[in-house]
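Numbering (our numbering), first residue to last: 1112 to 1329. Note that CB positions come from ideal geometry on N, CA and C, so glycine has one too.
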């Protein structure tokens, strides 16, 4: 196995669990936690039109085993139209806390604690940077990366790329809270900037500044 394929396989093993894939259309969507992925995924699974983009009764959602059996290569992956959404890391950290810990621990205590390093995989994976899924050793592994900050536009592009002409996708699991900036002080702001340094540098996020949903290579 070449060095390039070795890197690809290492990345695939950590990303495949979160991947919705349609081999016959050479299409894939990386379901990064806390980026609206549940909304996009449910829309495609539950869609009643003739396209039937994802059918869990047929593939069981077990994409990782399918990828292993198929001996998926980097050259083949490069022929796929792959998609992912990324999110402002400070906003995403608040969403992570609100989703799993709001009723258990104050936000500042959560950010400054070792919960970031928990052995509970379901908790740990929610806290991984978006770039953990989209990049490997500095190489962008996903062709189309959009921003959660323009969710309606981004979700529409992803769903349309599967051939659904006029999707109407609206966010689900949307926690009711104020602007994320209100949750931070200087200490927690800096802690998140260190934890998500790669996301900030790769995707150009700045605390308190909105970004568009424009598709681009980072």
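Buried/exposed call for residue i, threshold 16 Cβ in 10 Å
i            : result
residue 1148 : buried
residue 1231 : exposed
residue 1142 : buried
residue 1294 : buried
residue 1186 : exposed
Nearest-angstrom Cβ-Cβ length linking residue i and residue j, presumed shorter than 8 angstroms
i            : j            : result
residue 1310 : residue 1197 : 7 angstroms
residue 1126 : residue 1244 : 5 angstroms
For residue i, three-class secondary structure by DSSP
i            : result
residue 1288 : coil
residue 1239 : coil
residue 1269 : helix
residue 1255 : strand
residue 1326 : Caution applies to residue 1326, whose pLDDT of 44 falls short of 50 and renders its modelled position unreliable; the value that the coordinates give is listed next. In this structure, residue 1326 counts as coil in the three-state DSSP scheme.
residue 1126 : helix
residue 1119 : helix
residue 1131 : strand
residue 1204 : helix
residue 1139 : strand
residue 1163 : Model confidence at residue 1163 stands at a pLDDT of 49, short of 50, so the residue's coordinates are unreliable; what they give is reported in the following sentence. If DSSP states are grouped into helix, strand and coil, residue 1163 belongs with coil.
residue 1294 : helix
When the options are compared against residue i, the one with the closest alpha-carbon
i            : options                   : result
residue 1137 : 1210, 1302, 1118 and 1188 : 1188
residue 1273 : 1253, 1131 and 1123       : 1131
residue 1222 : 1307, 1185 and 1143       : 1307
residue 1315 : 1226, 1128, 1242 and 1228 : 1242
residue 1257 : 1155, 1199 and 1214       : 1199
residue 1233 : 1249, 1218 and 1210       : 1210
residue 1119 : 1298, 1217 and 1253       : 1253
C-beta contact flag for residue i and residue j at 8 angstroms
i            : j            : result
residue 1121 : residue 1247 : yes
residue 1300 : residue 1201 : yes
residue 1089 : residue 1145 : No statement about residue 1089 is possible, as the shown extent of the chain runs from 1112 to 1329 and does not include it.
residue 1276 : residue 1151 : no
residue 1218 : residue 1227 : no
residue 1205 : residue 1291 : yes
residue 1123 : residue 1183 : yes
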